[in-house]
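Sequence order for the protein chains is A, B, C and D.
Just so you know, we're using the numbering used here here: the first sequence kicks off at 14 and counts up by one.
Just so you know, we're using the numbering used here here: the second sequence kicks off at 14 and counts up by one.
Just so you know, we're using the numbering used here here: the third sequence kicks off at 14 and counts up by one.
Just so you know, we're using the numbering used here here: the fourth sequence kicks off at 14 and counts up by one.
Here a beta-carbon is modelled for each residue, glycine too, at the ideal position from N, C-alpha and C.
Since this is a predicted model, take the numbers as computed values, not measurements.
4 protein chains.
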Amino acid sequence: MAKVLAALIPEPGAAVEVRELPEPELEPDSALLEVELSEVCGTDVYLQEGRLTGVPYPLIPGHVSVGRLGKIRGRLPDISGRPFKEGERVTFLDVHRTCNACWYCLVAGATTRCPQRKVYGITYGLSDGLAGGWAQKLYLRPGTRCISLEGVNSERFMAGGCALPTALHAVERAEVAIGDTALVLGSGPVGLSAVIFSLMRGALRVLCIGAPPHRLEVAMRLGAAATLDVETTDESARREWVLAQTEGRGADVTIEATGAPAAVVEAMRYTRDAGCVLIVGQYTDHGPATFNPHLDLNRKHLDVRGCWGSDFSHFYRGVQLMRDPTRSEPWSHLRLARYDLSRANEALADVASGRAIKALITPQA
Amino acid sequence: MAKVLAALIPEPGAAVEVRELPEPELEPDSALLEVELSEVCGTDVYLQEGRLTGVPYPLIPGHVSVGRLGKIRGRLPDISGRPFKEGERVTFLDVHRTCNACWYCLVAGATTRCPQRKVYGITYGLSDGLAGGWAQKLYLRPGTRCISLEGVNSERFMAGGCALPTALHAVERAEVAIGDTALVLGSGPVGLSAVIFSLMRGALRVLCIGAPPHRLEVAMRLGAAATLDVETTDESARREWVLAQTEGRGADVTIEATGAPAAVVEAMRYTRDAGCVLIVGQYTDHGPATFNPHLDLNRKHLDVRGCWGSDFSHFYRGVQLMRDPTRSEPWSHLRLARYDLSRANEALADVASGRAIKALITPQA
Amino acid sequence: MAKVLAALIPEPGAAVEVRELPEPELEPDSALLEVELSEVCGTDVYLQEGRLTGVPYPLIPGHVSVGRLGKIRGRLPDISGRPFKEGERVTFLDVHRTCNACWYCLVAGATTRCPQRKVYGITYGLSDGLAGGWAQKLYLRPGTRCISLEGVNSERFMAGGCALPTALHAVERAEVAIGDTALVLGSGPVGLSAVIFSLMRGALRVLCIGAPPHRLEVAMRLGAAATLDVETTDESARREWVLAQTEGRGADVTIEATGAPAAVVEAMRYTRDAGCVLIVGQYTDHGPATFNPHLDLNRKHLDVRGCWGSDFSHFYRGVQLMRDPTRSEPWSHLRLARYDLSRANEALADVASGRAIKALITPQA
Amino acid sequence: MAKVLAALIPEPGAAVEVRELPEPELEPDSALLEVELSEVCGTDVYLQEGRLTGVPYPLIPGHVSVGRLGKIRGRLPDISGRPFKEGERVTFLDVHRTCNACWYCLVAGATTRCPQRKVYGITYGLSDGLAGGWAQKLYLRPGTRCISLEGVNSERFMAGGCALPTALHAVERAEVAIGDTALVLGSGPVGLSAVIFSLMRGALRVLCIGAPPHRLEVAMRLGAAATLDVETTDESARREWVLAQTEGRGADVTIEATGAPAAVVEAMRYTRDAGCVLIVGQYTDHGPATFNPHLDLNRKHLDVRGCWGSDFSHFYRGVQLMRDPTRSEPWSHLRLARYDLSRANEALADVASGRAIKALITPQA
């Protein structure tokens with residue numbers, strides 16, 4: 014039986030280990046993906062640290078991935094009904110099993126809150142099989158939604174990675190409008206993609222507060238009008254800076270993509286009255302925040318929107334944008350760092366420290 | 014020169030006093046209203062206690078009022094252009110001078126955040142003239158928007174009072190939908206009107222958490238499906254109660270109308286994932302609240318909307334509803350307590366204690 | 014083998030015939046419904062007349078139906094995951110096989126335009142089995158979404174029938190607002206349910222133009238403010254009537270539910286500038302209509318929305334409303350006419366002539 | 014008394030004449046603009062031909078204009094309250110006197126349908142004074158909203174001209190989304206600006222059907238993905254072309270900016286199911302159009318939106334975009350043709366024939 018090398022997190026807090034695993038039998042309408050690139054994102058750092066609940070350790074991390082279809086058994090159609098062929102380069106929506114049968118899916122239309130929802134590399138563990146991208150092969154279960162990457166530069170797509178649909182969802186839900194001043198808090202992958210998408214929706218000026226400086230330089234190359242280092246300023250100085258950039262009013266829209274609870278409150282304070290605050294940086298529990306409901310919310314007539322996950326629509330459109338040289342160009346400015354399976358711990362460390370903007374695992378290397 | 018009796022708050026924390034004031038000369042396009050009824054609302058309690066900033070003491074309180082047009086000088090047209098006549102019974106939008114010339118009015122379309130905005134009985138003080146309803150006569154400045162009360166029962170309209178446009182704005186902004194379960198936190202005038210409006214927009218079930226018991230009984234008479242006393246329960250018991258009423262999910266929409274900062278956070282916790290929380294109870298600074306951005310907001314994919322003030326559209330439609338016996342019927346269940354000018358302090362005490370649901374000043378009595 | 018009586022349309026234009034059909038074997042996760050009531054709607058008249066394309070004759074009509082679950086094989090869960098039991102009274106969404114895999118389902122979010130979509134009694138024919146409600150038993154294929162009718166009055170629910178989700182979808186998409194004047198064109202089942210739902214969303218006045226007079230009387234009992242007979246007036250008189258009811262402006266929202274192409278243009282002309290026109294009466298091709306794009310649309314800044322089908326959300330909420338005595342009360346005013354299988358042709362004739370507001374087939378009679 | 018040269022249309026169908034007019038006295042809070050550039054748009058052609066109703070001939074055409082403030086009498090503040098100074102270069106919103114007091118302004122929020130609204134150069138005639146831009150001086154009445162053009166290239170701004178706010182309004186109301194395929198019908202100034210704004214809101218591909226070829230070449234330079242000549246194709250060929258560009262579905266959003274009634278129906282047919290059609294090309298009555306309400310609208314679940322005029326928000330944001338070299342760059346591709354006052358008839362002929370994309374009157378030349 015063929016063997017597959019995979020990097021896995023044995024248990025919360027433990028270092029990543031490379032193991033040899035058996036290649037699975039394919040059930041009907043499933044396939045095997047030969048993984049070329051799989052990302053390392055902030056969530057993977059939290060997975061290793063054991064900060065997420067409901068994770069079935071041991072698990073193979075790696076949610077958004079790119080590869081070639083090795084074997085296919087049965088039907089594996091694309092969204093137009095065309096069957097994929099073995100050898101095609103594809104990516105797939107990491108969210109699996111959104112049920113289309115529960116109250117959240119069918120009545121509320123809130124599919125990202127479907128209780129049946131599973132995510133490759135996060136809530137599928139090793140006991141579910143080769144269900145993460147940090148492996149030479151990944152098992153695509155029946156119902157997994159693949160998208161052809163024909164005509165797409167894999168590196169550029171992975172520079173977006175899981176931040177691509179996440180930030181697209183956030184910027185759309187924030188309803189950035191033509192002529193707006195958008196403020197992005199955070200300069201990690203989601204923040205930088207939010208800068209790109211805010212401009213793509215017609216923001217006239219995009220401001221970015223983040224760190225470290227090399228990421229802020231990237232934000233400028235992406236088209237940000239001005240940036241500020243969060244590590245060398247306090248809230249009061251940051252607020253003054255935003256007001257100075259916005260004729261004293263605050264940003265029309267603020268997108269929080271930081272991970273810091275206090276940034277949620279700062280986002281409210283940096284936004285103009287009757288503006289919109291979009292919270293997309295609180296995917297992990299980092300503790301509480303304190304605000305003044307009168308001053309920070311009610312009197313400002315603010316709209317503060319949480320944004321959880323993304324659905325196929327965001328992912329699909331993200332891939333389509335990547336087919337277009339002009340639309341995808343900004344992502345070429347996000348430097349990629351590559352790591353083979355044996356260097357996965359190093360990749361996690363570089364992501365945790367902010368040294369790498371986007372780290373990729375290359376399982377075939 | 015004719016004299017006018019008025020009740021006024023001399024300074025923050027001081028008791029209301031009745032004074033005799035001169036009747037003003039009318040400038041062009043102004044009028045004098047002979048006040049019949051003027052309300053006493055929670056804001057008036059805060060005005061007397063000195064809890065609002067930017068109030069020009071001394072001032073005559075009383076924002077939403079009803080009366081007859083005494084003298085009119087020049088043009089005073091209604092919204093269709095018809096000139097009002099002396100002797101007509103009218104009410105008027107207490108918000109004055111929304112400028113229609115600033116960035117908030119013309120670009121953001123956020124007229125309730127217009128910096129030029131003034132409110133009779135709140136931000137117009139005695140130095141601005143007879144600018145509050147707790148007086149025999151009120152001076153309607155040029156540009157004040159009056160609405161005829163022909164065919165409207167004044168008592169029923171005043172049972173809504175300023176809560177009528179406030180709650181209409183809140184329930185519309187919350188986008189209550191047909192079939193929803195709406196939860197209203199607070200059973201004061203705004204909360205009770207929010208119960209009515211939630212049902213009017215098609216909520217299948219409206220829950221109300223408030224106090225004291227006699228107000229919850231009113232909520233039931235207005236059509237609430239169930240109520241809970243906030244004073245005899247803790248947050249955990251309240252949350253269990255809401256979940257038990259909502260198949261374990263939480264309310265589709267929660268409208269916070271309490272004045273308590275902690276209620277803002279509870280509102281998030283009692284609302285289902287991907288639901289909407291509307292904050293309309295934080296018109297005064299009652300201090301901070303602490304929440305968990307991950308658990309209470311981002312992961313829940315919530316939409317938390319502050320709601321400040323109301324505009325002519327809310328006020329106008331509120332009055333139109335009052336012309337209709339069926340639509341206005343619920344407000345007949347809100348018991349009115351009447352006080353002449355000399356009993357204004359008693360009225361404030363009864364509102365502060367929750368004894369009166371809706372207190373009215375009757376300046377001609 | 015057990016036998017099942019069913020009424021079917023052999024071919025376009027042919028009369029309905031009753032036939033004896035074999036009871037099918039159940040495949041896994043399917044069930045057999047013992048039909049108690051199945052409706053006869055305008056679409057059934059068109060099916061018999063052969064006016065719809067893509068209908069696989071012969072077919073058993075009857076889309077929205079009520080009955081008891083006879084046999085169940087395998088899993089048949091409700092929306093909360095609870096398995097149905099044999100003997101339970103249920104209805105089911107007549108739309109089947111919305112694929113949740115195509116571009117319309119997953120990217121556009123337009124599930125009612127999914128090309129895979131099939132409808133019991135309309136696009137499922139006899140070759141698909143017992144797939145219509147005009148039969149003693151109906152075969153519930155795997156994936157059919159059932160809803161318990163426990164606590165629901167079947168007659169009242171069927172008084173709504175397929176018009177219930179259709180009109181709910183229409184009124185929500187039309188965004189009827191509190192205080193609006195809504196105009197409903199048509200007084201058939203969809204029109205009458207649109208009257209009910211417009212009031213349920215807070216319309217202050219609902220006008221209805223339709224025929225014959227006995228249906229307009231029902232509209233008044235449902236709460237319409239005024240009605241007009243379309244058969245004794247011309248367009249000019251109708252327009253004058255609407256303007257007279259709306260201070261010369263036209264309706265805020267008009268819902269067209271007639272089937273007549275010219276009514277679409279009239280709907281535009283009876284609606285105020287910047288209002289909304291909702292087209293839900295053109296489910297069959299009745300030919301062209303002519304309008305003036307400058308006068309009727311562009312200069313009026315109108316929003317004209319087609320509305321096709323409904324999804325599980327509309328159907329589910331429609332059933333929930335029926336659990337509530339107050340919310341469902343209006344439908345008790347829609348008189349039901351019952352016909353056993355042998356009188357199906359009579360039922361069609363009574364629906365075609367407008368004699369019956371809502372005709373029901375009672376297959377067990 | 015000083016004299017002012019102006020070009021005016023004496024009566025419907027008559028050629029433009031240059032006349033010498035007296036310079037007016039300034040009433041309080043008014044100003045005199047020394048016009049540098051004033052546009053010639055399609056509406057001006059219709060004005061000369063006498064195709065618009067309610068035009069008070071004789072009139073001086075020219076609505077969107079640029080110039081220097083000559084004299085100012087009294088207060089003339091910008092949107093932030095800063096008073097303009099004599100000598101400043103400005104433009105102004107050609108829509109004047111939106112009343113902020115009527116039902117359309119205050120209840121419907123539909124300010125572009127305010128009955129009091131007047132437009133310089135269209136509904137203000139010579140009897141209203143120097144109220145059009147085809148004159149050396151234009152009288153800015155009290156309440157006219159000016160915007161500073163400091164930092165704005167006048168030519169680039171005028172390349173947008175009145176199409177700038179019109180197309181911005183249209184594209185926003187059409188809700189073009191990131192990743193969409195937008196189809197623009199018409200390649201005149203509004204169509205070309207709609208191409209630009211559709212891309213600015215994130216459309217992945219913009220298609221344009223128009224004429225003549227030199228305008229389609231401009232559309233390509235603006236970023237259109239493909240264009241088609243309307244004059245060498247029939248509806249069937251055009252439909253095939255659109256379907257071939259959109260995987261057989263039709264455009265997500267179609268913006269009609271042609272002036273031809275039939276284009277409104279074509280727009281519906283070229284749009285995908287559940288898509289949006291925006292009608293902005295029917296500002297003049299060009300007669301009727303015939304469509305099939307079942308096939309073209311209801312079954313397609315389309316949303317067809319008329320779009321009339323624009324408000325200060327669109328105009329203001331249009332000017333702000335022009336301050337930005339990147340955002341305004343596309344308009345530099347619209348070639349300008351200049352005409353002094355004596356050549357106004359030639360300018361009209363060039364606009365009517367489509368020879369000039371954007372013709373400008375230079376009154377000081």
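Applying the 10 Å Cβ sphere with the 16-neighbour rule, what's the burial state of residue i?
| i | result |
| --- | --- |
| H227(D) | exposed |
| T124(B) | buried |
| A250(A) | exposed |
| R368(C) | exposed |
| P343(A) | buried |
| D324(A) | buried |
| P376(D) | buried |
| P178(C) | buried |
| S341(C) | buried |
For residue i, which residues of its own chain have a beta-carbon under 7 Å away from its beta-carbon, when the five flanking residues on both sides are left out?
| i | result |
| --- | --- |
| A357(B) | A20, V29, W147 and I374 |
| G142(D) | P37 and Y152 |
| E359(C) | Y352 |
| I191(D) | G215 |
Within the same chain, show all residues whose beta-carbon is closer than 6 Å to that of residue i, passing over the 5 residues directly before and after it, in chain order.
| i | result |
| --- | --- |
| R262(A) | R285 |
| V58(D) | L361, V364 and A365 |
| W321(C) | T125 |
| S51(D) | G75, S78, G146, W147 and I374 |
| A144(B) | Y133 and Y137 |
| T259(C) | T194 |
Could you check the C-alpha separation between residue i and residue j for me, to the nearest Å?
| i | j | result |
| --- | --- | --- |
| E99(A) | T157(A) | 16 Å |
| V108(A) | R130(A) | 7 Å |
| L308(B) | M281(B) | 10 Å |
| E248(D) | F304(B) | 59 Å |
| L235(A) | P306(B) | 29 Å |
| R348(A) | C221(B) | 54 Å |
| Q333(D) | F170(D) | 10 Å |
Along the chain, where does the alpha helix (DSSP H) containing residue i start, and where does it finish?
| i | result |
| --- | --- |
| P202(C) | P202 to M213 |
| E279(A) | P274 to R282 |
| F328(D) | F325 to M335 |
Leaving out five residues on either side along the sequence, give the residues of the same chain with a beta carbon under 8 Å from the beta carbon of residue i.
| i | result |
| --- | --- |
| T56(D) | L65, H76, I135, C175, Y296 and T297 |
Taking the beta strand (DSSP E) that residue i belongs to, which residues open and close that run?
| i | result |
| --- | --- |
| S161(C) | C159 to S161 |
| P48(B) | The question names Pro, yet the displayed sequence has Val at residue 48(B). S43 to V53 is the extent of the beta strand (DSSP E) around V48(B). |
| G223(B) | R218 to G223 |
| R102(A) | R102 to F105 |
Checklist entry - Of the residues that make up the segment 104 to 134 of chain A, which ones have a beta carbon closer than 9 Å to any beta carbon in chain B? => result W116, Y117, V120, A121, G122, A123, T125 and R126
Next on the checklist: At a CB distance below 7 Å, what residues from the segment 207 to 236 of chain A approach chain B? Give them in sequence order.
Outcome noted: Going along the segment 207 to 236 of chain A in chain order, one finds no residue with a Cβ nearer than 7 Å to chain B.
Checklist entry - At a Cβ cut of 7 Å, what residues of the segment 235 to 255 of chain A count as close to chain D, listed as they run along the chain? => result For the segment 235 to 255 of chain A, there are no residues whose beta carbon sits under 7 Å from a beta carbon of chain D.
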